[in-house]
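What follows is a set of notes on a single structure, which appears directly below.
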Ligand code: HEC
């Protein structure tokens, strides 16, 4: 018993000592990575330096807390992000689903090889299943197949879906989904077309 306890203590001491040694020598990896990006990344076309090295308040808070925010922090951040959402002035939420499908399929835009001012895509399929006809899709996000069929088009659903597309962090503080409206990735007209893709009964999402 005594032997066992002695062994435990020495293991504990060894652990404390090695932690202390490692943390004294531990480089600041976050700073090193940022310095490297600043030194090596060259702004070109629509891919600018600001987008790479300047985080807004929401990004900074999420980066500083990789293990997640507390419930209180998350609620506060979601409220501030929700306040950024601009709803369509004409209260028309739905555009053309056929164009919405093209936007969902399009992964171009804001890259160094794109022309400044070229039309951006939403790249939705990179993260979501959306229709049965498109078999190439990513799964970082949940399947959106039958989104409109399952949820309907009540004013609440229209408002929630618009808000989610406009600023995903309004409903999930550190969401991995791009903030399409907030960051000017998609225009209001494009957002309406994507809304129709999700919610129109004729869209392949709801077949
Ligand atoms: C980089 C990955 C990524 C891209 C690109 C992306 N999303 Fe998402 N999306 C997510 C993730 C992850 C979630 C789930 C977590 C969350 O809610 O933030 C999500 C959630 C959603 C939700 C909420 C689903 C629900 O059950 O309420 C909708 C709607 C949505 N995405 C639509 C879209 C549309 C439309 C596009 C394209 C314009 C798109 N997403 C592009 C990652 C992405």
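Numbering (mature numbering (1 follows the signal peptide of the UniProt record, and there is no 0)), first residue to last: -24 to -1, 1 to 183. From the three backbone atoms N, C-alpha and C, an ideal C-beta is built for every residue, glycine too.
{"Query": "Unbroken stretches of the alpha helix (DSSP H), 4 residues or longer, contained in the region 59 to 84", "Result": "73 to 81"}
{"Query": "Distance cut-off 7 Å: residue 128 Cβ against heavy atoms of the ligand ATP", "Result": "This structure simply doesn't include the ligand ATP; it includes the ligand HEC instead."}
{"Query": "Beta-carbon separation (whole angstroms), residue 142 vs residue 167, contact threshold 8 Å", "Result": "7 Å"}
{"Query": "DSSP-derived helix/strand/coil call for residue 50", "Result": "helix"}
{"Query": "Residue 88 beta carbon less than 8 Å from that of residue 21", "Result": "yes"}
{"Query": "Under the three-state DSSP convention, the category residue 7 falls into", "Result": "helix"}
{"Query": "Reduced DSSP secondary structure (H/G/I, E/B, other) of residue 23", "Result": "strand"}
{"Query": "Pair within 8 Å by beta-carbon distance, residue 70 and residue 171", "Result": "yes"}
{"Query": "Range of the contiguous alpha helix (DSSP H) that encloses residue 149", "Result": "Counting along the chain, residue 149 falls outside any alpha helix (DSSP H), and DSSP gives it neither H nor E."}
{"Query": "Proximal residues to residue 184 (C-beta, below 8 Å), its chain only, five neighbours per side dropped", "Result": "Since the first and last residues shown for the chain are -24 and 183, residue 184 lies out of range."}
{"Query": "Contact test: residue 42 Cβ vs the ligand HEC heavy atom, cutoff 7 Å", "Result": "no"}
{"Query": "Residue environment, residue 53, which counts as buried when at least 16 other CB atoms sit within 10 Å", "Result": "buried"}
{"Query": "Reduced DSSP secondary structure (H/G/I, E/B, other) of residue 133", "Result": "helix"}
{"Query": "Residue 144 and residue 61 closer than 8 Å at C-beta", "Result": "no"}
{"Query": "The ligand HEC heavy atom lying under 7 Å from the CB of residue 172", "Result": "no"}
{"Query": "Residue burial classification, residue 155 (beta-carbon count within 10 angstroms, cutoff 16)", "Result": "buried"}
{"Query": "Euclidean distance between Cα positions of residue 114 and residue 98", "Result": "13 Å"}
{"Query": "Cα-Cα separation between residue 178 and residue 118, rounded to whole angstroms", "Result": "21 Å"}
{"Query": "Simplified DSSP state of residue 181, which is helix, strand or coil", "Result": "helix"}
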